[in-house]
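Report on one structure; see the data block that follows.
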Amino acid sequence: MINFEEEIAKFQPSLEVDQAEEAIYNNDLTDATDIIKEILKEKKDLK
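Residue numbers (the working numbering): 2 to 48.
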């Protein structure tokens, strides 16, 4: 059975849209585009 008191104690409300947007944009993650740009830059610098 679900222990509602325990579940309520663990509950964390989700971020508001503005807070979530800020958290996402402030996350400096490397993606595939960044990797490809770096590879192309290195290849161009070798020439």
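Quick reminder that beta carbons are idealized off the backbone N, C-alpha and C, glycines included.
Keep in mind it's a predicted model, so treat the numbers as computed, not measured.
#1: With a CB to CB cut of under 7 angstroms and the five nearest residues on each side skipped, what residues in its chain are close to Glu23?
#2: Which value, in whole angstroms, describes the spacing of the CA atoms of Glu6 and Phe12?
#3: Note down the Cα distance separating Asp19 from Ala10, rounded to an integer number of angstroms.
#4: In this structure, how does DSSP classify Ile3 when only helix, strand and coil are distinguished?
Reading it off the structure:
#1: none
#2: 10 angstroms
#3: CA-CA distance, Asp19 to Ala10, rounds to 25 angstroms.
#4: In the three-state DSSP reduction, Ile3 falls in the coil class, being neither helix nor strand.
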